[in-house]
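Residue numbers (the working numbering): 31 to 446.
First up is the structure itself, then whatever we jot down about it.
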């Protein structure tokens, strides 16, 4: 007899029991499958590109040369694709050119924190990673997340995926991370974890290290008693202008310039009205002295080098750091005459006279050359016995590099 046809109570009971068993089997199977999905989610989930919302070095962006970060300075922020749990690793891969001093990198230099998300209302805390490793060849730092840093300890889908923040601690420092450029790099900073999430940011700006030297530029030639607008620039050890970040060489600086000497008449060279060799205040903006803030006035005709120092760093470490300067004499001002024996001649003995062209600072006019019409005048007197002094005839004389020597002078009065 078919239970389907007559529905006796005993059949209905058996049918209900069979349906109940099926329901219980389905429920167990569903939760077992769900458990498998949740339990193995970290292993089988695909790899997607997560988003890095920020990556920076302290202070003010990223530091080149010396990485010294204040406590709780954000180093990188990213949103994982799959759950990060205790023991997950986070690897920071730095762009080509980065130098990692692995011996200085320690777990205590960083903290990891995961924000609360979804039903997981309890956020993690700033917790030191349980392990850290650095590979200078691969340019990577790998941190292992500790449970205290996370907003969950199991992969509950309802919790969502909280943003993870990696910060520096107060012990970070010691030239740990260096990069020899301040230009924006298109190399990729990549964040990978052992549970498959990745993220990257493709534009990272590096700021310079501390100023390591000063360099002087300006016009390489000038005329004495005129001005030469100098530019002083501060550079770090990698040749970057110290133009940003905590090391920004900016504001008023006390600088001492050296090189140009005093003119023959004693006039001293100046920068901004201050004598060379004395400190003067020069204002900088982002590593470079302001326009017209370092005006040199030189008075000695010479070839020299212009150097600068702020008391800690200077331009003397490399020949290319200073300004090679040639100061030429000014306009013709007068001639000076010198006799053969320095103004002491013997009566009756012929001697030479040298005429030298000079500018207003008494520099020899080395650019004064060629034929010049010369008229010789003097006040020489006759000797007691009536002999007359003699001098050469007037006429064209040839100057070479500002000087001309003429012979044929004889004095006869020993009393002169």
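C-beta: ideal position from N, C-alpha, C; glycine also.
Just curious, the beta strand (DSSP E) that residue i is in, first and last residue?
{"i": "residue 120", "result": "119–123"}
{"i": "residue 363", "result": "Where residue 363 is concerned, there is no enclosing beta strand (DSSP E), given that its DSSP letter is neither H nor E."}
{"i": "residue 198", "result": "194–198"}
{"i": "residue 165", "result": "161–165"}
{"i": "residue 144", "result": "140–144"}
{"i": "residue 315", "result": "309–315"}
{"i": "residue 436", "result": "433–439"}
{"i": "residue 401", "result": "400–404"}
{"i": "residue 173", "result": "170–174"}
{"i": "residue 326", "result": "325–327"}
{"i": "residue 427", "result": "425–429"}
Less than 8 Å between the beta carbons of residue i and residue j, yes or no?
{"i": "residue 354", "j": "residue 346", "result": "no"}
{"i": "residue 359", "j": "residue 334", "result": "no"}
{"i": "residue 364", "j": "residue 401", "result": "no"}
{"i": "residue 176", "j": "residue 120", "result": "no"}
{"i": "residue 156", "j": "residue 141", "result": "yes"}
{"i": "residue 339", "j": "residue 409", "result": "no"}
{"i": "residue 312", "j": "residue 262", "result": "yes"}
{"i": "residue 146", "j": "residue 162", "result": "no"}
{"i": "residue 294", "j": "residue 391", "result": "yes"}
{"i": "residue 343", "j": "residue 241", "result": "yes"}
{"i": "residue 510", "j": "residue 257", "result": "Nothing about residue 510 can be reported from this structure: the residues present for the chain run from 31 to 446 only."}
{"i": "residue 305", "j": "residue 330", "result": "no"}
{"i": "residue 436", "j": "residue 371", "result": "no"}
{"i": "residue 394", "j": "residue 419", "result": "no"}
{"i": "residue 368", "j": "residue 384", "result": "yes"}
{"i": "residue 195", "j": "residue 107", "result": "yes"}
{"i": "residue 377", "j": "residue 423", "result": "no"}
{"i": "residue 429", "j": "residue 387", "result": "yes"}
{"i": "residue 274", "j": "residue 238", "result": "yes"}
{"i": "residue 130", "j": "residue 164", "result": "yes"}
{"i": "residue 109", "j": "residue 193", "result": "yes"}
{"i": "residue 268", "j": "residue 317", "result": "no"}
{"i": "residue 356", "j": "residue 247", "result": "no"}
{"i": "residue 399", "j": "residue 431", "result": "yes"}
{"i": "residue 254", "j": "residue 389", "result": "yes"}
{"i": "residue 380", "j": "residue 438", "result": "yes"}
{"i": "residue 153", "j": "residue 181", "result": "yes"}
{"i": "residue 309", "j": "residue 284", "result": "yes"}
{"i": "residue 324", "j": "residue 302", "result": "yes"}
{"i": "residue 123", "j": "residue 198", "result": "no"}
So if DSSP puts residue i in a beta bridge, which residue, or which two residues, is it bridged to?
{"i": "residue 388", "result": "364 and 394"}
{"i": "residue 339", "result": "286 and 344"}
{"i": "residue 442", "result": "BP columns for residue 442 are empty, so no partner."}
{"i": "residue 357", "result": "252 and 332"}
{"i": "residue 373", "result": "Bridge partners of residue 373: none, in fact."}
{"i": "residue 128", "result": "Bridge partners of residue 128: none, in fact."}
{"i": "residue 318", "result": "263 and 315"}
{"i": "residue 350", "result": "For residue 350, which the question treats as bridged, DSSP gives no partner whatsoever."}
{"i": "residue 157", "result": "142"}
{"i": "residue 383", "result": "369 and 436"}
{"i": "residue 116", "result": "DSSP, once it has assigned bridges, lists no residue as partnering residue 116."}
{"i": "residue 420", "result": "440"}
Every unbroken alpha helix (DSSP H) inside the region 237–307 [4 residues or more]: none
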